[in-house]
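Just so you know, the protein sequences line up as chains A and B, in that order.
Just so you know, we're using our numbering here: the first sequence kicks off at -11 and counts up by one.
Just so you know, we're using our numbering here: the second sequence kicks off at -11 and counts up by one.
Number of protein chains: 2
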Amino acid sequence: MELSATAYVILGMVAREPQSGYEIKALVDKTTRFFWAASYGQIYPELRRLAEAGLVRGIDASRGERKRTVYEITADGRAALEKWLREPPRTYELREEGLLKLFFAGALPPEEAVATLRAMRDHRLGVAEELSAIEAKALIKDLRGDPFPLMVLRGGIEFNEWFADWCGRMERQLLDPVRERRSS
Amino acid sequence: MELSATAYVILGMVAREPQSGYEIKALVDKTTRFFWAASYGQIYPELRRLAEAGLVRGIDASRGERKRTVYEITADGRAALEKWLREPPRTYELREEGLLKLFFAGALPPEEAVATLRAMRDHRLGVAEELSAIEAKALIKDLRGDPFPLMVLRGGIEFNEWFADWCGRMERQLLDPVRERRSS
DNA sequence: ACAGGCATGTAAATAGTTACATGATTCG
DNA sequence: CGAATCATGTAACTATTTACATGCCTGT
């Protein structure tokens, strides 16, 4: 059975401990959203499909009158998750709209093309800062023995900083034709 | 009027010179596909919509019996493209399935988690090589005065190399607990 | 009382992929 | 002749976002 990457996000989240749909969404927004987001419109229908396929099991966890269902992973679900984790990644595409704009920046006058790079740089620095704020909070709690979430978060920070730096270098290259001639 | 990013890809491609749908697809596959891909199922319907909106104009360019339409950008189309190019980027998400697997790698025994990083590294080195092959070809022809396509391509190569290096560093960190303790 | 967070869900729209169908032309 | 490439397109499916509807519970 073919599962979407979003299905594996859900499976991975409930594999740690049982979660409600609402909690999964909150977790995704705090953790994987910078490289894989998910909306309620995906999470709830997907939870139902996973339950029908026997990969998760819904458990009533109502609090008083407020109805609530948490989902736990089944043995089959864990097997499916581990199988997926063992397959090599094959992502080719990054989906970076900034690079798209830069690719076509020749359609603008040169000063404005430089502004594109500057905007990309500012944006990436902003994201790096946002992620750093999350890191600070993440360090305080909830990392009993699993180094990977923090590793990925730090990778995200480093990536955004690297990208911002690249934008800065490209900006200088555009503004300094001598250096450009030398390096090409 | 709101246009999708894919619509701007098409607009940007025909802004250089008039292209048929088939040529646009071939161009995208040679250039933007590592950060923004497009399929025939998007390109042909989108060309029709853009023509209806007056942003491109179809011109019959049949060769003998073989029907063929090339699209050229209109003044309105150029204005829409430039307006979009001037807006700051806002991409937050990267969609990297490898990072997703790494995030959940704690569900596997430690040796296999290391294998995830190794697979990511190999994959990124492979993509860097593919892009380098394209770069070699791109250098030969077709870059009259527009530095941006090559800049973006080189950025893609650098990114994949940076990412591969990061994977290598993370792998060593996992294999060397002393260093890990020091850095956290 | 009311704001804010908890909780579940759906409808509609948009976006994007895959697979197929059709047929011409070119090159070996 | 057959394969590859040129060329256009659609149907069906899958993925994803956005906006909305509903209602409970907690703290001020």
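C-beta: ideal position from N, C-alpha, C; glycine also.
Quantities reported herein were computed from a predicted structural model and do not represent experimental measurements.
Same chain, Cβ closer than 6 Å to residue i, five either side skipped, listed in chain order
| i | result |
| --- | --- |
| B/G65 | L(-1), L43, V44 |
| A/L15 | M1 |
| A/G9 | I31, Y32, L35 |
| B/S187 | In this structure chain B extends from -11 to 172, so residue 187 of chain B is not present and cannot be described. |
| A/A124 | none |
CB-CB length for residue i against residue j, believed under 8 Å
| i | j | result |
| --- | --- | --- |
| A/A41 | A/V(-3) | Not really, about 16 Å apart at Cβ, beyond 8 Å. |
| B/W24 | A/L35 | B/W24 to A/L35, Cβ: 31 Å. No contact. |
| B/E146 | A/W154 | 6 Å |
| A/M108 | A/G86 | 4 Å |
| A/M158 | B/M139 | 6 Å |
| B/F151 | B/R112 | 5 Å |
| B/A39 | B/G46 | 5 Å |
| B/F22 | A/L82 | 6 Å |
| B/L73 | A/L96 | 5 Å |
| A/E84 | B/T79 | 6 Å |
| A/L141 | A/A126 | 6 Å |
Beta-carbon neighbours of residue i, restricted to chain A and to distances below 8 Å
| i | result |
| --- | --- |
| B/A67 | The contacting residues do not exist; B/A67 stays about 11 Å from chain A at best. |
| B/T57 | Under the 8 Å cutoff, chain A gives no residues; its nearest Cβ is about 22 Å from B/T57. |
| B/V140 | L87, L90, F91 |
| B/D134 | G94 |
| B/E146 | W154 |
| B/R83 | F23, W24, T79, E81, L82, R83 |
| B/A173 | The requested residue 173 of chain B is not part of the displayed model; chain B covers only -11 to 172. |
| B/G29 | Neighbours of B/G29 on chain A: none; closest Cβ ~16 Å, over 8 Å. |
Own chain residues within Cβ distance below 7 Å of residue i, not counting five before or after
| i | result |
| --- | --- |
| B/S172 | The predicted position of B/S172 is uncertain, since its pLDDT is 47 and thus under 50; a value taken from the coordinates is nonetheless stated next. Around B/S172: no qualifying Cβ. |
| B/T(-6) | A26, Q30, E34 |
| B/R20 | Arg is not the amino acid found at residue 20 of chain B; the sequence shown has Thr there. Cβ within range, chain order: V(-3). |
| B/M(-11) | A41 |
| A/D48 | T57 |
| A/K18 | I122 |
| A/G199 | For chain A, the structure presents residues -11 to 172; residue 199 of chain A sits outside this window and is missing. |
Where residue i meets chain B, residues with beta-carbon distance less than 7 Å
| i | result |
| --- | --- |
| A/P137 | F91 |
| A/Y80 | F22, V115 |
| A/L73 | K89, F92, A93, A95, L96, T104 |
| A/R160 | Correct list: empty, because the minimum Cβ distance to chain B is about 12 Å. |
Beta-carbon contacts of residue i that lie in its chain and below 8 Å, excluding the five residues immediately before and after
| i | result |
| --- | --- |
| A/G94 | A101 |
| B/Q7 | M1, L15, V58, Y59 |
| A/K13 | A26, S27, Y28, I31 |
| B/N148 | R112, L113, V115, A116, L119 |
| A/P77 | none |
| A/S(-8) | E34 |
| B/E98 | Contrary to the premise, residue 98 of chain B reads as Pro rather than Glu in this sequence. L162. |
| B/A3 | I61, G65, R66, L69 |
| B/G133 | none |
Bridge partners - residue i, DSSP secondary structure assignment
| i | result |
| --- | --- |
| B/D48 | B/T57 |
| B/Q7 | B/Y59 |
Amino acids of chain A, ordered along the chain, whose beta-carbon sits closer than 7 Å to that of residue i
| i | result |
| --- | --- |
| B/V(-3) | L88 |
| B/A63 | Those within 7 Å of B/A63 in chain A number zero; the least Cβ separation is about 13 Å. |
Partners in chain B for residue i, counting only beta-carbon separations shorter than 8 Å
| i | result |
| --- | --- |
| A/A46 | It should be noted that the sequence gives Gly, not Ala, for residue 46 of chain A. Within 8 Å Cβ-Cβ: nothing; A/G46 doesn't reach chain B, min ~21 Å. |
| A/A107 | P76, P77 |
| A/G52 | Result: empty, since nearest Cβ-Cβ is about 33 Å, beyond 8 Å. |
Under 9 Å from the C-beta of residue i: neighbouring residues of chain A
| i | result |
| --- | --- |
| B/E70 | A95, L96, E100 |
Cross-chain neighbours of residue i in chain B, by beta carbon under 9 Å
| i | result |
| --- | --- |
| A/A(-7) | R83, E85, L88 |
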